[in-house]
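Colleague: Quick one: structure below, then a few questions.
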Amino acid sequence: MGRESAPLARRADPLSQPLDGTTTTDYDADTYACVIAPSAFMGYARRVFSRIMIAVACGSLVVGCVDAPGGSVASTTHALVAPPCTDAERNAALDPNESSRYLLTCSLELSTTDVITRPLWLEGSAANGVSIDCGGATLDGSKLPPGQDIIRILSAESKDEAGGAVWDPPHDITVRGCNIIGSIRVLGMGENGEAEALKESSRSPGHTGRVREAAPHAITFEEVYVEGIDRIPLYLAPGVSRFSLVGSEIAGTSASTAIYLDAESTGNRIVGNRIHTDTARELIAIDGSQYNEIVSNTFSSLEDGGIYLYRNCGEGGVIRHAAPQHNRIINNVFYYHTYGGSNPSVFLGARNGNRPYCGLDAGWAFGSSASDRDWAQHNVVAQNQVYVRELGEMIREGDPAFDNDNLITDNETVSTHTHRATGCYVPWAYRDHFYWDGEIIVLVPDPRDLAPSCTSTPYVCRNGELMAETAPPPCHVETHHFECRVTGDNAGCWDYAVCPAGTRVIGARGVCNLEWGAVSDAERDAARPNTVSVTRPSAHVDHGLCNLGEFQTSESEISWDGPADYWTWFGCQEHDANGGDCHARATIYCR
């Protein structure tokens, strides 16, 4: 049976036809934070969420990047522009009689009828600022020997006085409007995730930072058509950062995946593309890669899986330090027609040590040497449209003990997809962290007690970016307290917490004493918003209950996730031979 693909045709000139859509544990995360244009609360949020790359969440608000504590991603560089190629350089790149690689150090402009058949290498800082503007030209790697790529962007290696490796990564490179037949590889510290230099570096802390500093960054491929020929069409080696594939198409075949984001890579963007490669595996592998955006793409040919997040523990003896965390998979379309198999669209934690080579990195107290688990955490899977199939089958977490704390929300099963703007993930907002296009963010957690409060700097979501909102709706939050108490009565006590007319419950907390005694004001105020907790359980724990709506507990704190209505009920109950005693106090926040 043939693979399921939406009807997609190769284009002679991609520029002329725009595409649809537009915890770390003890790991060495080495992430970076960004300076956000002015807001007192945003400054607070950056400190609270110091391990969340707000650059990814906040789009156009970012005005510059700095290293976060422990981070070592290269800081933002000014855009560079390499000089245009001379006629001699252009002719050399186009020479049909040459099969050796061509080191490109100038900006190359081509036309629709041009065809390049020799590999183009952009190596080291000599390639900084290079652009390849194809205008519909073809880079044809169909005649290259196996294992060669039509485009390679790679760091140059040299030796210092002590014989150690020194890496010189290229950056600020743009490739646009090309028909590419063959494969693209972006390489830093070696050919792949098993390179000897990587293995040596991975044996000591700080590996993630070293790998990222050694790898290419700030690279953009836009409006390109890539036709794979068995080799992975787009491979990003360990440490590659700030690579973007935008408004493009990946077709052809691959003996592996269509796109591979290897270990320690970070901050890469796959946005507004059509991906329908005939693969032997999932379409996109996120292997120990972090803070990536997979947004507004259309995927088909999904029989072997869609986007898989995992950590390839032990392969080649290389310790993977980073885990597949803080990735954003938002507003994509996953097209199915007749496929009824079990390979999901999104798999958060696809391996968890299920490979024979996981033990090859044993002996160290960090990364995949300490744990073979994937640790797929803090990822966002939102606003995606899945054709025909049930979401529970097609968006999955691996082992809930390790692959957890992911935000999976606002996805839907469809029979016809809708073209729509992208929503925003807002980690610093109060309670709701995903906002649809056009929604305004006015509520934030009060830094004193995390209760809902109105921000003085509201934002609106505009197609995946947060913009300052100049005309926000009125915002006023009121706090109201309620209580009930019973003595010597096994029936308990029950009551309603009601907001004033015209307002609704936006948060609540319930606190109970399920033995003799009362819940003090201090205990009530110390409880976290949107929880139900017990200050003193019943002498027989299972004889007591503390309720806030349908959410109940007998001793431990649990989360409250009640509906936004104008009221909720609360109460407590304890069973005792002489009649139960309990005291319940509820706080609701109304807006």
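The opening position of the sequence shown corresponds to residue 728 in our numbering, with each subsequent residue numbered one higher.
C-beta: ideal position from N, C-alpha, C; glycine also.
1. When the Cα of leucine 914 is compared with those of His1003, Thr980, Asp895, Ala985, which residue comes out closest?
2. Return the chain-ordered list of same chain residues with a C-beta closer than 6 Å to the C-beta of asparagine 1039, the five sequence neighbours on each side being excluded.
3. What does the alpha-carbon distance come out to for the pair glutamate 1196 and tryptophan 1163?
4. With distances taken Cα to Cα, identify the nearest neighbour of glycine 917 among Ala883, Gly909, Thr935.
5. With C-beta atoms as the reference, is glycine 1219 less than 9 Å away from leucine 1170?
6. Can you check whether the CB of arginine 1312 is closer than 9 Å to the CB of glutamate 1210?
7. Hey, could you find the ends of the alpha helix (DSSP H) histidine 934 is sitting in?
8. What separation, rounded to the nearest whole angstrom, lies between the Cα atoms of glycine 863 and glycine 974?
9. With 16 as the cutoff for other CB atoms within 10 Å, does alanine 942 come out buried or exposed?
10. Could you compute how far the alpha carbon of alanine 1235 sits from the alpha carbon of alanine 1148?
11. Can you check whether the CB of asparagine 1058 is closer than 9 Å to the CB of glycine 1191?
12. What does DSSP give as the partner residues of methionine 1194 in its beta bridges?
13. Can you give me the Cβ contacts of leucine 961 inside the same chain, cut-off strictly under 6 Å, excluding the 5 residues immediately before and after it?
14. Taking the alpha-carbon of alanine 982 as reference, which of Asp1031, Asn995, Glu950 has the nearest alpha-carbon?
15. Take the Cβ of valine 953 as the centre, count every other Cβ of all protein chains shown within 10 Å, and call the residue buried at 16 or more, exposed below.
16. For lysine 926, does the three-state DSSP call read helix, strand or coil?
17. Asparagine 1240 by DSSP, collapsed to three states: which one?
18. What is the DSSP secondary structure of glycine 1219, reduced to helix, strand or coil?
19. Could you tell me the alpha carbon to alpha carbon distance between serine 834 and leucine 988, rounded to whole angstroms?
20. Looking at isoleucine 1021 and isoleucine 1056, is the spacing between their C-beta atoms short of 9 Å?
21. Is the beta carbon of glutamate 850 sitting closer than 9 Å to the one on arginine 817?
22. For the putative contact between threonine 980 and glycine 955, defined by C-beta atoms under 8 Å, what is the C-beta separation to the nearest angstrom?
23. Provide the residue(s) that pair with leucine 1177 in DSSP beta bridges, ordered along the chain.
24. Just the Cα atoms here: how many angstroms apart are alanine 945 and alanine 854?
25. With a cut-off of 8 Å on the beta carbons, I'd call valine 1232 and alanine 1156 a contact; round off their distance for me.
26. Since glutamate 1166 sits in a beta bridge, which residues does DSSP pair it with?
27. Just to confirm the assignment, what range does the beta strand (DSSP E) spanning arginine 969 have?
28. Could you give the first and the last residue of the continuous beta strand (DSSP E) run that contains aspartate 895?
29. Is the beta carbon of isoleucine 1135 less than 9 Å from the beta carbon of alanine 1097?
30. Do you know whose CA, among Phe1061, Pro872, Asn1257, Leu847, lies nearest threonine 1295's CA?
31. Do you know offhand how far alanine 1198's Cα is from isoleucine 907's?
32. Which residues bound the alpha helix (DSSP H) around glycine 1119?
33. Put arginine 1318 into one of helix, strand or coil per three-state DSSP.
34. Could you check the C-alpha separation between isoleucine 877 and glutamate 1009 for me, to the nearest Å?
35. Going by DSSP, what residues sit across from aspartate 1014 in a beta bridge?
36. Within a Cβ cutoff of 7 Å, which residues of the same chain sit near threonine 752, ignoring the five residues on either side of it in sequence?
Modeller: From the atom records:
1. As a working mapping, residue 914 is identified with position 187 in the sequence shown. It is Asp895 whose Cα lies nearest to the Cα of leucine 914.
2. Here the question's residue 1039 lines up with position 312 in the sequence shown. Cβ neighbours of asparagine 1039 beyond the five flanking positions: Asp1014.
3. Taking the first residue of the sequence shown as position 1, residue 1196 is located at position 469. Taking the first residue of the sequence shown as position 1, residue 1163 is located at position 436. Taking the straight line joining both Cα atoms gives about 15 Å.
4. Taking the sequence shown and counting its residues from 1, the one referred to as residue 917 is at position 190. Nearest of Ala883, Gly909, Thr935 to glycine 917, Cα basis: Ala883.
5. The residue given as residue 1219 occupies position 492 in the sequence shown. The residue given as residue 1170 occupies position 443 in the sequence shown. No. Outside cutoff.
6. As a first step, residue 1210 must be located in the sequence shown, where it is residue number 483. As a first step, residue 1312 must be located in the sequence shown, where it is residue number 585. Yes, the pair counts as a contact, with Cβ atoms nearer than the cut-off.
7. Stepping through the sequence shown from its first residue, residue 934 is reached at position 207. It spans 934-941 - the alpha helix (DSSP H) in which histidine 934 sits, taken as one unbroken run.
8. Here residue 863 corresponds to residue number 136 of the sequence shown, with the count starting at 1. Here residue 974 corresponds to residue number 247 of the sequence shown, with the count starting at 1. About 14 Å.
9. Indexing the sequence shown from 1 puts residue 942 at position 215. The residue is buried, with at least 16 neighbouring Cβ atoms inside 10 Å.
10. Residue numbering aside, residue 1235 sits at position 508 when the sequence shown is read from its first letter. Residue numbering aside, residue 1148 sits at position 421 when the sequence shown is read from its first letter. Approximately 32 Å between the Cα atoms of the pair.
11. Within the sequence shown, residue 1191 is the residue found at index 464, counting from 1. Within the sequence shown, residue 1058 is the residue found at index 331, counting from 1. Yes, the pair counts as a contact, with Cβ atoms nearer than the cut-off.
12. Here the question's residue 1194 lines up with position 467 in the sequence shown. Paired residues: Val1187.
13. By 1-based counting over the sequence shown, the position of residue 961 is 234. Cβ within range, chain order: Ile911, Ile986.
14. Position 255 of the sequence shown, counting from 1, holds the residue named residue 982. For the residues Asp1031, Asn995, Glu950, the minimum Cα distance to alanine 982 belongs to Asp1031.
15. The sequence position of residue 953 within the sequence shown is 226, counting from 1. Per the 10 Å Cβ criterion, buried.
16. What you label residue 926 is simply residue 199 of the sequence shown in a count that begins at 1. DSSP places lysine 926 in helix when its eight states are reduced to three.
17. On the sequence shown, position 513 is the one that residue 1240 refers to. It is a strand residue.
18. The residue given as residue 1219 occupies position 492 in the sequence shown. Reduced to three states, the DSSP call for glycine 1219 is coil.
19. By 1-based counting over the sequence shown, the position of residue 834 is 107. By 1-based counting over the sequence shown, the position of residue 988 is 261. Rounded to whole angstroms, serine 834 to leucine 988 spans 27 Å at the Cα level.
20. As a position in the sequence shown, residue 1056 is number 329, starting the count at 1. As a position in the sequence shown, residue 1021 is number 294, starting the count at 1. It is a contact, given that the beta carbons lie within the stated cut-off.
21. For the purposes of this step, residue 850 is taken as residue 123 along the sequence shown, with counting starting at 1. For the purposes of this step, residue 817 is taken as residue 90 along the sequence shown, with counting starting at 1. Result no, Cβ atoms of glutamate 850 and arginine 817 do not sit closer than 9 Å.
22. What you label residue 980 is simply residue 253 of the sequence shown in a count that begins at 1. What you label residue 955 is simply residue 228 of the sequence shown in a count that begins at 1. At roughly 6 Å, the Cβ-Cβ gap stays under 8 Å, so threonine 980 and glycine 955 are in contact.
23. As a working mapping, residue 1177 is identified with position 450 in the sequence shown. Per DSSP, none; premise fails for leucine 1177.
24. Position 218 of the sequence shown holds residue 945. Position 127 of the sequence shown holds residue 854. Near 12 Å, if we compare the C-alpha coordinates of alanine 854 and alanine 945.
25. Locating residue 1232 in the sequence shown gives position 505, counting from the first residue. Locating residue 1156 in the sequence shown gives position 429, counting from the first residue. Rounded, the Cβ-Cβ distance is 17 Å, inconsistent with contact.
26. Here the question's residue 1166 lines up with position 439 in the sequence shown. Partner(s): none; glutamate 1166 has no beta bridge.
27. Translated into the one-based positions of the sequence shown, residue 969 becomes position 242. Per DSSP, arginine 969 belongs to the beta strand (DSSP E) from 968-973.
28. Against the sequence shown, residue 895 aligns to sequence position 168. 892-895 is the extent of the beta strand (DSSP E) around aspartate 895.
29. Stepping through the sequence shown from its first residue, residue 1135 is reached at position 408. Stepping through the sequence shown from its first residue, residue 1097 is reached at position 370. Not a contact, by the Cβ cut-off of 9 Å.
30. Position 568 of the sequence shown, counted from the start, is the residue given in the question as residue 1295. When each option's Cα is compared against that of threonine 1295, the closest is Asn1257.
31. Translated into the one-based positions of the sequence shown, residue 1198 becomes position 471. Translated into the one-based positions of the sequence shown, residue 907 becomes position 180. Cα-Cα distance, rounded: 46 Å.
32. Start at 1 with the first residue of the sequence shown, and residue 1119 comes out as number 392. Unbroken alpha helix (DSSP H) run through glycine 1119: 1118-1121.
33. Locating residue 1318 in the sequence shown gives position 591, counting from the first residue. Secondary structure of arginine 1318 (DSSP, three-state): coil.
34. Here residue 877 refers to the residue found at position 150 of the sequence shown. Here residue 1009 refers to the residue found at position 282 of the sequence shown. The straight-line gap from Cα to Cα measures roughly 23 Å.
35. The residue labelled residue 1014 in the question sits at position 287 within the sequence shown. According to DSSP, aspartate 1014 bridges with Tyr1037.
36. On the sequence shown, residue 752 is found 25 positions in, with the first residue counted as 1. Model confidence at threonine 752 stands at a pLDDT of 31, short of 50, so the residue's coordinates are unreliable; what they give is reported in the following sentence. Cβ neighbours of threonine 752 beyond the five flanking positions: Trp1102.
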